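*Asks:*
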Amino acid sequence: MAKQRIEMFSPEDSLKMAEQLDIHEAIARLNIFRTLFHRPKTAKAISELLLSLLMDSEIGHRRRELIIMRIGWVTGSEYEWTQHWPLAQEFFECNAEELLALRGNWSAADGFDDIDRAVLTATDELLETGDLCDSSWEACYAGLGRDATIEMVAAIGTWLLVSKLARGLRVPLEEGVQGWPPDGKISPAAGAR
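Just so it is clear: in the sequence shown, position 115 is 165 by this note's numbering, and no numbers are missing.
#1: Is the beta carbon of ALA216 sitting closer than 8 Å to the one on TYR129?
#2: If you scan the region 112-159 from start to end, which runs of the alpha helix (DSSP H) of 4 or more residues do you find wholly inside it?
#3: In three-state terms, what does DSSP make of ASP164?
#4: Could you compute how far the alpha carbon of SER127 sits from the alpha carbon of LEU104?
#5: Closest to GLU147 by C-alpha separation, out of GLU57, PRO231, ALA68, would be which residue?
#6: Just verifying my parser: in three-state terms, what is the DSSP assignment at VAL203?
#7: Can you give the Cα-Cα distance for CYS183 and THR132, rounded to whole angstroms?
#8: Residue range of the alpha helix (DSSP H) that TRP230 falls in?
#9: Report the residue from ILE56, LYS53, GLN54, ASN81 whose alpha carbon sits nearest the alpha carbon of GLU311.
#10: Just to confirm before moving on: does the CB-CB distance between ILE200 and THR173 stay below 8 Å?
#11: Indicate the three-state DSSP secondary structure (helix, strand or coil) for MET58 in the structure shown.
#12: Mapping DSSP to helix, strand and coil, what is LYS53?
#13: What does a CB cutoff of less than 7 Å around PHE87 pick up in its chain, not counting 5 residues either side in sequence?
#14: Looking at the structure shown, is PRO251 part of a helix, part of a strand, or coil, going by DSSP?
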């Protein structure tokens, strides 16, 4: 990963800022927020958006993590991929085979049901074109319902934002964390600058 562009808040100053902004301590410890605290209102808004999608999930935690991991890989966001690799497996019912399938032709992989496939197709379409074709929208709507489909689009946009922030600001990985788990294979998009 290239050298970071913005000096992060110290862990102590980050916790003080989080207390002032009423941001959860666990979020404040993350390097991306230690960087974003230079723009407190932005950090607060992003933390609230993330928490709304993380805590009260209509699409389901597992599907959200599939979205995040696909975005991390396609956009070349080492920070995103690395942050969610252990979380997706430990807490959100994803297995390593599913996550590794997201690095390539996931549609040929086993383990994804029809709704997973609709969500991942929508993710790829939004990443590629910025829009969803009618058949993708209808497949997601039929499988997830109205509220979850809205949330799905919001989740894709939100984690694309996080990915772009992490790459654009060159947020370093958390201390002691190895890049691109589990095997160090780097996204082709990570080399594109």
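All C-beta atoms in this analysis are idealised placements derived from N, C-alpha and C, irrespective of residue type, glycine included.
Remember, predicted model here, so these are calculated numbers, not experimental data.
*Replies:* On the basis of the data shown:
#1: On the sequence shown, residue 216 is found 166 positions in, with the first residue counted as 1. On the sequence shown, residue 129 is found 79 positions in, with the first residue counted as 1. Result yes, Cβ atoms of ALA216 and TYR129 sit closer than 8 Å.
#2: 128-141, 146-151
#3: One-based indexing of the sequence shown puts residue 164 at position 114. Three-state DSSP puts ASP164 in a helix.
#4: Taking the sequence shown and counting its residues from 1, one reaches residue 127 at position 77. Taking the sequence shown and counting its residues from 1, one reaches residue 104 at position 54. Using only the alpha carbons, I get a separation of about 19 Å.
#5: As a first step, residue 147 is located in the sequence shown; it is residue number 97 there, counting from the start. GLU147 has its Cα closest to that of PRO231, out of GLU57, PRO231, ALA68.
#6: Here residue 203 refers to the residue found at position 153 of the sequence shown. In this structure, VAL203 counts as helix in the three-state DSSP scheme.
#7: Position 133 of the sequence shown, counting from 1, holds the residue named residue 183. Position 82 of the sequence shown, counting from 1, holds the residue named residue 132. In a straight line, the C-alpha of CYS183 is about 30 Å away from that of THR132.
#8: As a position in the sequence shown, residue 230 is number 180, starting the count at 1. Where TRP230 is concerned, there is no enclosing alpha helix (DSSP H), given that its DSSP letter is neither H nor E.
#9: Summary: the structure shown does not reach residue 311, with the chain confined to residues 51 through 243, and so no result is reported for it.
#10: Residue mapping note: residue 200 aligns to position 150 of the sequence shown, counting from 1. Residue mapping note: residue 173 aligns to position 123 of the sequence shown, counting from 1. Cβ atoms of ILE200 and THR173: not closer than 8 Å.
#11: Indexing the sequence shown from 1 puts residue 58 at position 8. Coil at MET58, not helix or strand.
#12: Numbered from its first residue, the sequence shown carries residue 53 at position 3. The answer is coil: DSSP assigns LYS53 none of H, G, I, E or B.
#13: One-based indexing of the sequence shown puts residue 87 at position 37. Only PHE59, SER64, MET67, ALA93 meet the Cβ criterion.
#14: Because the chain spans 51 through 243 in this model, residue 251 falls outside it and cannot be assessed.
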